[in-house]
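A.B. asks: Dumping the structure here so I can ask a few things about it.
There are 2 protein chains.
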Amino acid sequence: MLDKTLRMNLLYDFYQSLLTQKQRKYMSLYYLDDFSLGEIAEAFEVSRQAVYDNIKRTEAMLEEYEAKLMLLAKFEQRTELLTQIKEAIESNATPEEIMSMLDSLEKLD
Amino acid sequence: MLDKTLRMNLLYDFYQSLLTQKQRKYMSLYYLDDFSLGEIAEAFEVSRQAVYDNIKRTEAMLEEYEAKLMLLAKFEQRTELLTQIKEAIESNATPEEIMSMLDSLEKLD
Numbered sequence: 024m025l026d027k028t029l030r031m032n033l034l035y036d037f038y039q040s041l042l043t044q045k046q047r048k049y050m051s052l053y054y055l056d057d058f059s060l061g062e063i064a065e066a067f068e069v070s071r072q073a074v075y076d077n078i079k080r081t082e083a084m085l086e087e088y089e090a091k092l093m094l095l096a097k098f099e100q101r102t103e104l105l106t107q108i109k110e111a112i113e114s115n116a117t118p119e120e121i122m123s124m125l126d127s128l129e130k131l132d
Numbered sequence: 024m025l026d027k028t029l030r031m032n033l034l035y036d037f038y039q040s041l042l043t044q045k046q047r048k049y050m051s052l053y054y055l056d057d058f059s060l061g062e063i064a065e066a067f068e069v070s071r072q073a074v075y076d077n078i079k080r081t082e083a084m085l086e087e088y089e090a091k092l093m094l095l096a097k098f099e100q101r102t103e104l105l106t107q108i109k110e111a112i113e114s115n116a117t118p119e120e121i122m123s124m125l126d127s128l129e130k131l132d
């Protein structure tokens, strides 16, 4: 499992279009720009608790979307296989071997 | 633009996990199993209009998800590029050329 902050950054990358504008603001300030809950609360003139609750709910939503769509998991599988294909080409694998790896890549979708 | 039925089948493939159980039932009977609205209405003991409204709303939801996440569009781009890479290997492209196409594939994500 990735470090929580890195994972939230990645999930946010994949699913931010499904969030409300307020959720996007809070999440990007907290996870991308490293603002504290208190700083976000002050900037939006709401309570620290309100910011905390919103971010916790958003984190749960991102994990629910990932459980359903698995965009991050599939991205990681594709990236790993692509790395293997590049290594195979660098070690002079045969065209047949490369083709077979490309077939596997296609089947990941 | 793809034929409507084919497009709905593909969008359903990508986003069915985001639909309710009832939406999935109606959509799969209508688009995958080719039932008529009347047949679905009879099977679920609801009006034909209720089935029609549900399916129309679901179609709109699928298009909204695609507008936000573009899973079908990205899938089509990846598939097209993979086909080009395979063709390049078959025409004996250099390892450098294949590598560069694989880089493009990686950047699609």
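Taken in sequence, the protein lines are chains H and F.
Numbered per the working numbering, the first sequence spans residues 24 to 132.
Numbered per the working numbering, the second sequence spans residues 24 to 132.
Quick reminder that beta carbons are idealized off the backbone N, C-alpha and C, glycines included.
1. Which residues bound the alpha helix (DSSP H) around Q100 of chain H?
2. Can you give the Cα-Cα distance for S123 of chain H and S40 of chain F, rounded to whole angstroms?
3. Determine, for F98 of chain F, whether the minimum Cβ-Cβ distance to residues of chain H falls below 8 angstroms.
4. Count the other C-beta atoms from every protein chain shown that fall within 10 angstroms of the C-beta of T81 of chain H, then say buried if there are 16 or more, exposed otherwise.
5. Report the rounded CA-to-CA distance for M84 of chain F versus F98 of chain H, giving the unit in angstroms.
6. Output, in chain order, the set of chain F residues within a Cβ distance shorter than 7 angstroms of K109 of chain H.
7. Grab me the residues of R101 of chain H's own chain with a C-beta within less than 6 angstroms of its C-beta, minus the 5 sequence neighbours each way, in chain order.
8. Tell me the DSSP secondary structure of L60 of chain H in three-state form.
9. Answer with yes or no whether the minimum CB distance from I112 of chain F to chain H is below 8 angstroms.
10. Just to confirm before moving on: does the CB-CB distance between Y88 of chain H and Y38 of chain H stay below 8 angstroms?
11. Determine the closest residue to L55 of chain H out of H:E86, H:T106, H:D126 and H:N32, with distance taken between C-alpha atoms.
12. Hey, could you find the ends of the alpha helix (DSSP H) T28 of chain H is sitting in?
13. Pull out every residue of the stretch 33-49 of chain F whose Cβ sits closer than 7 angstroms to any Cβ of chain H, in chain order.
14. Is there at least one Cβ from chain F nearer than 8 angstroms to D132 of chain H's Cβ?
15. Are the C-beta of K91 of chain H and some C-beta of chain F separated by less than 8 angstroms?
16. Please state the DSSP three-state secondary structure of A116 of chain H.
17. Given this structure, state the Cα-to-Cα distance separating A66 of chain H from Y35 of chain H, to the nearest angstrom.
18. Look at the alpha carbon of K45 of chain H and the alpha carbon of L52 of chain H, and state the distance between them as a whole number of angstroms.
19. Check this for me: beta carbons of P118 of chain H and I108 of chain F, under 8 angstroms apart or not?
C.D. replies: Judging by the given coordinates:
1. L94 to E113
2. 30 angstroms
3. yes
4. buried
5. 24 angstroms
6. M122 and L125
7. L131
8. helix
9. yes
10. yes
11. H:N32
12. K27 to Y38
13. S40 and L41
14. yes
15. yes
16. coil
17. 21 angstroms
18. 11 angstroms
19. no
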